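Worksheet: one structure, shown below.
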């Protein structure tokens, strides 16, 4: 569904909001889950946000409704989840509007893509720039295994903390800090400068503090920022760039 928060200011209430039209006439629509992440994408200038994400993927109709609701004939759509990309692609043929789908597989990719958006550019120019920025970002997602499994050579027991790097299971461990540090090690932290931690609703204050401390201690060359994501299912999502 398209998020319409009660008591939100007018610019946030409707799907299209009340933003002035952009010079290039291109709108931004994103699939996002988590109150903090919704606020982040709104703050970056996204016109309509469809609630979705892991386990509650929006339908093609949901995305079509959001696209039709924004006051632009050209729209850039960010699925922000690999599972949502097929439905997002179907929207292109269902509307008279020109829809560009940037195949963002994660929230960090979506954020980087939106930051690269420039209203003075054409839709095609924005597509190229946004796609390039999205592909530059590495994503670490931390959650708990829901069953015993083996994937990508990693043996996992139900309840283990697991780390996915760019959608692939890479690490299993006992706590968030251990898994994140191992994931950063696999990425080669010397190649990156900034880690942004999006805190999920399941993560406690103590767990966040321990994670920040562990990253700074193990990788002192990395700048660490924290954002309140509020996402379910993933206590921590990290953007590495």
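Numbering (the working numbering), first residue to last: 218 to 458.
Quick reminder that beta carbons are idealized off the backbone N, C-alpha and C, glycines included.
Bear in mind that the values here come from a model prediction, so they are computed numbers and not experimental data.
*Kindly indicate which three-state DSSP category residue 357 falls into: helix, strand or coil?*
strand
*Taking residue 250 and residue 273 to be in contact with their CB atoms under 8 Å, please state how far apart those CB atoms are, rounded to whole angstroms.*
7 Å
*Output the boundary residues of the beta strand (DSSP E) element that contains residue 362.*
It is not in any beta strand (DSSP E) - residue 362 carries neither H nor E in the DSSP assignment.
*Can you tell which of 413, 302, 364, 432 has its C-alpha closest to the C-alpha of residue 461?*
Nothing about residue 461 can be reported from this structure: the residues present for the chain run from 218 to 458 only.
*asked:* For the segment 340 to 360 against the segment 378 to 386, do three or more pairs of beta-carbon atoms, one drawn from each stretch, fall closer than 8 Å, so that the two count as touching?
replied: yes
*Take the Cβ of residue 369 as the centre, count every other Cβ of all protein chains shown within 10 Å, and call the residue buried at 16 or more, exposed below.*
exposed
*Return the Cβ separation of residue 312 and residue 285 in integer angstroms, given the expectation that the two are a contact with Cβ distance under 8 Å.*
6 Å
*Short check: CB of residue 417 to CB of residue 451, under 8 Å?*
yes
*So, using beta-carbon positions, are residue 411 and residue 458 closer together than 8 Å?*
yes
*For residue 415 versus residue 390, is the C-beta spacing smaller than 8 Å?*
no
*How about residue 375: is its C-beta nearer than 8 Å to some C-beta of chain D?*
Within the model displayed, chain D is absent; a lone protein chain is all it includes.
*Where does residue 234 fall in DSSP's three states?*
Below a pLDDT of 50, predicted positions are generally treated as unreliable, and residue 234, at 45, falls in that range; the measurement from the model is reported next regardless. Residue 234: coil per DSSP, three-state reduction.
*Starting from residue 393, follow the alpha helix (DSSP H) in both directions and report where the run begins and ends.*
393 to 404
*Where does residue 338 sit, in a helix, a strand or coil, going by DSSP?*
coil
*What first and last residue would you give for the beta strand (DSSP E) that runs through residue 445?*
440 to 445
_Assumed close pair residue 327, residue 243 - CB separation to whole angstroms, cut-off 8 Å_ = The Cβ separation is near 16 Å, so there is no contact.
*Does the distance from the C-beta atom of residue 301 to that of residue 246 stay below 8 Å?*
no
*Determine the direct distance from the alpha carbon of residue 294 to that of residue 342, and round the result to whole angstroms.*
15 Å
*Does DSSP put residue 417 in a helix, in a strand, or in coil?*
coil
*Where the alpha helix (DSSP H) through residue 281 begins and ends*: 277 to 286
*Across which residues does DSSP place residue 453 in a beta bridge pair?*
359, 416
*What is the rounded straight-line gap between the Cα of residue 309 and the Cα of residue 436?*
43 Å
*Counting along the chain, where does the beta strand (DSSP E) carrying residue 387 start and finish?*
385 to 390
*residue 409 to residue 350, Cα distance in whole Å?*
14 Å
*Would you mind working out which of 364, 344, 454 sits nearest residue 396, comparing C-alpha positions?*
454
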